[in-house]
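In our numbering, the protein residues as written are 66 to 426.
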């Protein structure tokens, strides 16, 4: 018998369960019913990539971007303070692709936040008003990536896409991919609900006028990260933002290979969360808190009524699978679906490690 009174435990369990179901049905379910409206856009597009010491990735992934099936686009690569052979790779590719433009950002030993500077240089060098962003270590899922993302510019000023990690062997890869897909579910579904709060630089688009309206990254330039999510948090609203979500619009990156590297990456990403708007932070923290409360209260309530506890757990797990199945398939995470509840619990227990110490880039 537990020391927690039955009534308190019951209402705590039902409340946390209800909030979890609300997130599934009000937010996440929107992605299951999302359909891109194909316009076959021909708008000119500037793809901008900031690359620092990305010699191997540029050699492997940049041709996949340069060979996109789209009639009118340029690719601007900002060689950001590189000391490897990136310049040689870029110059060789430039001989083959006339739409590849190289911008040099030399290392002057002064700018600690040079990615924002590199992107600024890339945007200033762009010829077109519609800007797409992807990282140097990313590859588009198909030759129609630009085509899919470009359609969004016919309707809105800010376009949010999904960026996943490449599947490899090992449990760490599964945790990284599961964590990434949860984040994608959050920001894409909340944008669908007209509450856009972030985007990722691995797959993001916006019009140049949006950038100029807020004077670029000026308001958060002092923060090491945030060229993507803080920019979207500042500029996106219920009217000017849309998502593009289909098999051909996803990008994929190489994941971290060690637990330590992943933790450092997560801590760096979490630096920016503190600067989100207050109601965004409340919406984001409510889901993991109620998830933890649900499992703790469920375990305690099982001492009182094992059958009800089992039914609630089964109902949540089945609903989660039904809501997640289509997005997981689109984002190539089918292998993670049926153990989603297990991965989720482990991630909740790992969350304190992501916030222990602030990291600088």
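Note that the Cβ used here is the ideal one computed from N, Cα and C, for glycine as well.
Buried or exposed by the 16-neighbour rule on C-beta atoms within 10 Å, applied to residue 168:
buried
Spell out the partners DSSP gives residue 203 in its beta bridges.
318
Please go through the same chain and pick out, in chain order, the residues whose beta-carbon is closer than 7 Å to the beta-carbon of residue 253, but skip the five residues on each side of it.
96, 225, 227, 308 and 310
Residue range of the unbroken beta strand (DSSP E) whose run includes residue 122
Premise fails: residue 122 lies in the alpha helix (DSSP H), 120-131, not in any beta strand (DSSP E).
If you count every other CB in all the chains shown that lies within 10 Å of the CB of residue 425, and 16 or more means buried, which is it?
At residue 425 the pLDDT is 43, less than 50, meaning the model places this residue with poor confidence and gives no usable figure here.
Just to confirm, is the Cβ distance from residue 204 to residue 317 under 8 Å?
yes
Quick check: the region 401-413 against the region 115-124, are there 3 or more CB pairs under 8 Å?
no
Can you give the Cα-Cα distance for residue 137 and residue 256, rounded to whole angstroms?
28 Å
Quick check on DSSP: helix, strand or coil for residue 138?
strand
Pick out the complete alpha helix (DSSP H) segments inside the region 291-359, 4 residues or longer, and give them in chain order.
294-300 and 324-335
Please classify residue 279: is it buried, with 16 or more other beta-carbons within 10 angstroms of its beta-carbon, or exposed?
exposed
Neighbourhood of residue 291 by C-beta distance below 6 Å, restricted to the same chain and skipping five residues each side
285 and 337
Let's test the definition: count the other Cβ atoms within 10 Å of the Cβ of residue 119 and tell me whether it reaches 16, buried, or not, exposed.
buried
With 16 as the cutoff for other CB atoms within 10 Å, does residue 294 come out buried or exposed?
buried
Give me the Cα-Cα distance between residue 94 and residue 88, rounded to the nearest whole angstrom.
8 Å
With a Cβ-Cβ cutoff of 8 Å, do residue 288 and residue 340 count as a contact?
yes
First and last residue of the beta strand (DSSP E) that includes residue 269?
269-272
Using only CA atoms, which one of 186, 364, 329 and 221 lies nearest to residue 144?
186
Candidates 335, 384 and 414: which alpha carbon is nearest residue 360's?
414
When the distance is taken between beta carbons, is residue 200 closer than 8 Å to residue 267?
yes
Simplified DSSP assignment, three categories, for residue 108:
coil
Taking C-alpha atoms, which residue in 387, 358 and 403 lies nearest to residue 80?
358
Could you tell me the boundaries of the alpha helix (DSSP H) in which residue 198 lies?
Note, residue 198: premise wrong, no alpha helix (DSSP H); beta strand (DSSP E) at 195-198.
Counting pairs of Cβ atoms below 8 Å between the region 243-250 and the region 389-407, do you hit three or more?
yes
Report buried or exposed for residue 72, applying the criterion of at least 16 other Cβ atoms within 10 angstroms of its Cβ.
exposed
Would you kindly report the start and end of the unbroken alpha helix (DSSP H) that includes residue 408?
405-415
Can you give me the C-alpha to C-alpha distance between residue 146 and residue 216, rounded to a whole angstrom?
33 Å
Measure from the alpha carbon of residue 193 to the alpha carbon of each residue in 76, 208 and 164, then state which is nearest.
164
Mind reading off the beta-carbon distance from residue 180 to residue 154? Whole number of angstroms is fine, and I expect it under 8 Å.
Residue 180 to residue 154, Cβ: 19 Å. No contact.
Is the Cβ-Cβ distance between residue 323 and residue 84 less than 8 Å?
no
C-alpha distance - residue 348 paired with residue 335, whole-angstrom precision:
16 Å
I'd like to check one pair, residue 221 with residue 306: are the Cβ atoms closer than 8 Å?
yes
Where the alpha helix (DSSP H) through residue 222 begins and ends:
Here residue 222 belongs to no alpha helix (DSSP H), and DSSP marks it neither H nor E.
Taking residue 388 as part of the alpha helix (DSSP H), name the residues at either end of that continuous run.
371-395
Going straight from the alpha carbon of residue 103 to that of residue 401, what length do you get?
29 Å
Residues bridged to residue 444 by DSSP?
Past the edges of the chain, shown from 66 to 426, lies residue 444, and the structure says nothing about it.
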